[in-house]
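Accompanying notes for the structure given below.
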Amino acid sequence: LSDTCEITNQDDSTSMSYGMMAEDVQKQGVDKFFIVDVRAEADYCAGHISGAVNIPFHNIADDSSLEKLPPASDPRPLLIYCYTGHSASQTTAIYNLLGYNAYTLQFSAIAWRNQTDVSIWSAAKEQTIFGADYPMVSC
């Protein structure tokens, strides 16, 4: 996939960024990815990307969770998402270290949904974040 970039860190070392925007996922086709939702089960059931498998963040490397991932013969990369992208980025790094071809859905569920009311930088000020308004399904 073309959505990786090399990043130069403060100590002049380099690392790779593995992220995909919601619009790019839609253009390529959601079915081209094995989608993993690392949010809590209740949030997954309230609304998730169609076809996504729920592996809560605290279980991402458990044997039973790894069994839910596709075999090496499956050509689809993993697309990981959470609430805002933070837990998904950590999961992406872990799965890539384990040998999977994983990408983070940048800004995760808030980028996928129509809008999300959240408090990001201040608990006192609620903000409305507008996303791409792609469909989600419930359990």
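For this note's numbering, add 39 to where a residue sits in the sequence shown, where the first one is 1.
Glycine is no exception: its CB is placed at the ideal position from the N, C-alpha and C atoms.
Owing to the predicted nature of the structure, the values given are computational and were not obtained by experimental measurement.
Inter-residue Cα distance where the pair is residue i and residue j
i    : j    : result
Q65  : P174 : 11 Å
D101 : E62  : 31 Å
Y120 : G58  : 10 Å
I16  : A163 : With the chain represented from 40 up to 178, any question about residue 16 goes unanswered, as that position is not in the structure.
L40  : Y139 : Interpretation of L40 is limited by its pLDDT of 44, a score under 50 that renders its predicted location unreliable; the figure taken from the coordinates is listed afterwards. Cα to Cα, L40 sits roughly 14 Å from Y139.
V75  : R152 : 16 Å
D82  : D113 : 27 Å
A79  : Y122 : 10 Å
V92  : L117 : 11 Å
T143 : S128 : 6 Å
F72  : I94  : 16 Å
A141 : D172 : 24 Å
G170 : A150 : 4 Å
H97  : L137 : 16 Å
Beta-carbon proximity list for residue i, same chain, < 7 Å, skipping 5 on both sides
i    : result
I133 : I99, A100
Q145 : G58, M59, M60, G124
C84  : S177, C178
R115 : K71, F72, F73, P109
Beta-bridge pairing of residue i - partner residues as DSSP gives them
i    : result
A141 : L117
H87  : V176
D76  : N93, Y120
M59  : L144
Assumed close pair residue i, residue j - CB separation to whole angstroms, cut-off 8 Å
i    : j   : result
S177 : G86 : 5 Å
Same chain, Cβ closer than 8 Å to residue i, neighbours up to 5 away in sequence not counted
i   : result
G90 : V69, D70, I74
Cutoff 6 Å; reference residue i; Cβ partners in own chain excluding five residues on either side
i    : result
T130 : V77, I99, I119
N135 : A141
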